[in-house]
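Notes follow once the structure below has been shown.
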Amino acid sequence: MKGVERIEEIYREVIRRNPGEAEFHQAVKEVLETLGPVLDKHPEYAEHKIIERICEPERQLIFRVPWQDDRGEVQIARGFRVGFNSALGPYKGGIRFHPSVYLGIVKFLGFEQIFKNALTGLPIGGAKGGADFDPKGRSDGEIMRFCQSFMTTLYHYIGEFTDVPAGDIGVGAREIGYLFGQYKRITNRYESGVLTGKNPSWGGALVRREATGFGTVYFTQEMLLARGEGLEGKTCVVSGSGNVAIYAIEKLQQLGARVVGCSDSNGVIYDEGGIDLPLLKQLKEVERCRISRYSEIRSGSRYIERGRLWDIPCQVALPCATQNELDETAARKLVANGCIAVGEGANMPTTPGGVRVFQSAGIAYGPGKAANAGGVATSALEMQQNASRDAWTFEHTEKRLHEIMQNIHRDCFETAREFNSPGNYVIGANIVGFKRVAEAMLAFGVI
Ligand code: NDP
Ligand code: 2IT
Numbered sequence: 383m384k385g386v387e388r389i390e391e392i393y394r395e396v397i398r399r400n401p402g403e404a405e406f407h408q409a410v411k412e413v414l415e416t417l418g419p420v421l422d423k424h425p426e427y428a429e430h431k432i433i434e435r436i437c438e439p440e441r442q443l444i445f446r447v448p449w450q451d452d453r454g455e456v457q458i459a460r461g462f463r464v465g466f467n468s469a470l471g472p473y474k475g476g477i478r479f480h481p482s483v484y485l486g487i488v489k490f491l492g493f494e495q496i497f498k499n500a501l502t503g504l505p506i507g508g509a510k511g512g513a514d515f516d517p518k519g520r521s522d523g524e525i526m527r528f529c530q531s532f533m534t535t536l537y538h539y540i541g542e543f544t545d546v547p548a549g550d551i552g553v554g555a556r557e558i559g560y561l562f563g564q565y566k567r568i569t570n571r572y573e574s575g576v577l578t579g580k581n582p583s584w585g586g587a588l589v590r591r592e593a594t595g596f597g598t599v600y601f602t603q604e605m606l607l608a609r610g611e612g613l614e615g616k617t618c619v620v621s622g623s624g625n626v627a628i629y630a631i632e633k634l635q636q637l638g639a640r641v642v643g644c645s646d647s648n649g650v651i652y653d654e655g656g657i658d659l660p661l662l663k664q665l666k667e668v669e670r671c672r673i674s675r676y677s678e679i680r681s682g683s684r685y686i687e688r689g690r691l692w693d694i695p696c697q698v699a700l701p702c703a704t705q706n707e708l709d710e711t712a713a714r715k716l717v718a719n720g721c722i723a724v725g726e727g728a729n730m731p732t733t734p735g736g737v738r739v740f741q742s743a744g745i746a747y748g749p750g751k752a753a754n755a756g757g758v759a760t761s762a763l764e765m766q767q768n769a770s771r772d773a774w775t776f777e778h779t780e781k782r783l784h785e786i787m788q789n790i791h792r793d794c795f796e797t798a799r800e801f802n803s804p805g806n807y808v809i810g811a812n813i814v815g816f817k818r819v820a821e822a823m824l825a826f827g828v829i
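First residue of the sequence shown? That's 383 in this note's numbering, and the numbers climb one at a time after it.
Shown next as structure tokens:
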């Protein structure tokens, strides 16, 4: 049987075995449809059912998270942790707190994480977790009690050699602090390497906070360099205004680009003079308020309730909010307005239709599993520092991050060319990541 036929069969089986998990199906399809030529070249992968095994998580945990709000009312959330693949190292991946979280979201993210983590070249397997808890409007005490309850179940299943969670949407340094505190208290162990994204004053790596956004910009810069272009003077828009978006904006500005738009789930900020980053940080990191507040303070900027960020003319677009936030219509608008590069800070932010538009227009398109791998790569550097009880400088760590992103770009670029698809980073990223995992799985036998 030819590789592509085999893959169609595997995909049908994934849908049958995982009903109602649309995002998981989408993530699997996007990877599988690039692997046909790999199976043709490597019949041993088919013989040992490597793809079938990769599509089945190694383990999946679903648990009750009861907690009490400030009025004393009992609330119940559902927690998840999916260990997808540990061929290359302990399970590694973030935890997301958002009301939209269900098993299909956690599995799509965990599946992507396998290949992303392999691309970093560092010893980490793929995982994801989260809860359908909505942190918006919750007090600090409520967040703390929720995190403590979440960890009270999760702690049984994690550990520096087993599974190492970190942040994602709704989980930042504050939440990692509460989670770590509870883990330490229950286990009677100061096990720094059990979580990453910790505050640098108690075991966190410098640059981890900035790493996903910085890394996305480094990857985008490499894509532009490969086409004889640079970031200097480019007009950019960045979606979201959370951790990834803020530090993508910071690095874009450091490299001489002009960022004129960002957003949250309610609306869009258009600031032709360039986003005022200290103001954005103050509002989002300190005051934790909505992005609309920005336009009340910053003269010359505009807030557009339910606005369409991707309609703002730009040359570089970085989707840094959430999955499927950039559809086919938005992609057409970006291309029509002269956009030449899209680097995904978020996971799977572009719909399949949007990806097709970018690819047929021939613009530089960097998929999340390559472009946003700087976050998890720096998490692996944090694990390395924790294991050796060391703490590196900001400069040293950022240099490592930059090199890792350059290497990921080079590996994807060269592999795309080897598989007769020059400039196609989707093909490059999927094949590089898949082959690394597949080789380890072959070595381990049937497990
Ligand atoms: P944050 O919680 O810090 O910020 C998320 C941002 O995205 C907010 O501005 C939020 O707006 C917006 N957003 C979230 N959900 C939606 C939604 N359903 N519709 C519209 N906007 C939404 O998260 P991060 O910045 O950490 O994560 C952003 C993306 O980057 C995610 O896709 C995540 O998986 C990915 N990522 C994160 C990494 C990390 O290290 N943190 C690493 C690699 C990828 P609002 O406040 O209105 O909800
Ligand atoms: O999507 C991701 O790569 C993350 N949320 C970061 C994972 C990590 O373990 O640092």
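Backbone N, C-alpha and C define an ideal beta-carbon position, used for all residues, glycine too.
Looking at the unbroken beta strand (DSSP E) that takes in residue i, where does it start and where does it end?
i: V717; result: Run containing V717: none in the beta strand (DSSP E); it sits in the alpha helix (DSSP H), E710 to A718.
i: V668; result: Element bounds for V668: n/a, residue is neither H nor E.
i: Y652; result: G649 to D653
i: P445; result: Looking at the sequence provided, one finds Phe at residue 445 rather than Pro. Where F445 is concerned, the enclosing beta strand (DSSP E) stretches over R441 to Q450.
i: R640; result: R640 to S645
i: A746; result: A746 to G748
i: V828; result: Counting along the chain, V828 falls outside any beta strand (DSSP E), and DSSP gives it neither H nor E.
i: L700; result: V698 to L700
i: G736; result: It is not in any beta strand (DSSP E) - G736 instead sits in the alpha helix (DSSP H) that spans P734 to A743.
Quick check on DSSP: helix, strand or coil for residue i?
i: P505; result: coil
i: L470; result: coil
i: E687; result: strand
i: K498; result: helix
i: P804; result: coil
i: F543; result: coil
i: I487; result: helix
i: F795; result: helix
i: D550; result: strand
Just curious, the alpha helix (DSSP H) that residue i is in, first and last residue?
i: L661; result: L659 to K663
i: A762; result: A755 to A769
i: C339; result: Residue numbering for the chain in the displayed model covers 383 to 829; residue 339 lies beyond these limits and cannot be assessed.
i: S674; result: S674 to I679
i: G610; result: No alpha helix (DSSP H) contains G610, which DSSP labels as neither H nor E.
i: L536; result: D522 to L536
i: D422; result: G418 to K423
i: V626; result: N625 to Q636
i: A555; result: A555 to T569
i: V724; result: V724 -> not in any alpha helix (DSSP H); beta strand (DSSP E) instead, spanning A723 to G725.
i: L414; result: A404 to L414
Spell out whether any CB of chain D is found under 9 Å from the CB atom of residue i.
i: N719; result: Absence of chain D from the displayed structure is noted, only one protein chain being present.
Give the C-beta separation of residue i and residue j to the nearest angstrom, bearing in mind that I take them to be a contact with Cβ-Cβ under 8 Å.
i: C644; j: V668; result: Not really, about 17 Å apart at Cβ, beyond 8 Å.
i: A769; j: G575; result: 6 Å
i: L421; j: Y393; result: At roughly 13 Å, the Cβ-Cβ gap does not stay under 8 Å, so L421 and Y393 are not in contact.
i: C696; j: G727; result: Contact flag wrong, Cβ pair sits at about 15 Å.
i: L491; j: I444; result: L491 to I444, Cβ: 15 Å. No contact.
i: E780; j: V589; result: 5 Å
Does the beta-carbon of residue i, which I'm using as the reference point, lie nearer than 8 Å to any heavy atom of the ligand NAP?
i: G615; result: As far as ligands go, the structure on display features the ligand NDP and the ligand 2IT and does not contain the ligand NAP.
Check your understanding: Do the stretch 444–456 and the stretch 520–528 meet, that is, are 3 or more Cβ pairs less than 8 Å apart?
Key -> By the Cβ criterion, the stretch 444–456 is in contact with the stretch 520–528, since at least three pairs of Cβ atoms, one from each stretch, lie closer than 8 Å.
Review point. Within the chosen definition, does the stretch 531–541 reach the stretch 777–797 through at least 3 CB pairs nearer than 8 Å?
Key: At 8 Å Cβ cutoff, the stretches do not touch.
**Study point:** Contact the stretch 746–757 vs the stretch 497–504: 3+ CB pairs below 8 Å
**Key:** Segments in contact, yes.
Review point. For the 8 Å Cβ check, are there 3 or more pairs between the stretch 436–444 and the stretch 465–483?
Key: By the Cβ rule, the stretch 436–444 counts as touching the stretch 465–483, because three or more pairs are nearer than 8 Å.
Point to revise | Validate contact between the stretch 710–723 and the stretch 423–431 using beta carbons, cut 8 Å, 3 pairs | key: Contact between the stretch 710–723 and the stretch 423–431 is absent: fewer than three C-beta pairs spanning the two stretches fall below 8 Å.
Exercise for review: Mind the definition here: the stretch 729–747 touches the stretch 573–588 only if three or more C-beta pairs lie below 8 Å; say whether that holds.
Suggested key: Segments in contact, no.
Point to revise | Stretch pair the stretch 557–568 + the stretch 595–602: three plus CB contacts closer than 8 Å | key: Too few Cβ pairs lie closer than 8 Å, so no.
Exercise for review: Check whether the stretch 562–574 touches the stretch 739–748, taking contact to mean three or more Cβ pairs, one atom from each stretch, closer than 8 Å.
Suggested key: Taking a cut-off of 8 Å on C-beta distances, the stretch 562–574 does not touch the stretch 739–748, as fewer than three cross pairs fall below it.
Review point. How do the stretch 670–688 and the stretch 648–656 stand: do at least 3 beta-carbon pairs fall below 8 Å, yes or no?
Key: Contact holds: three or more Cβ-Cβ distances are below 8 Å.
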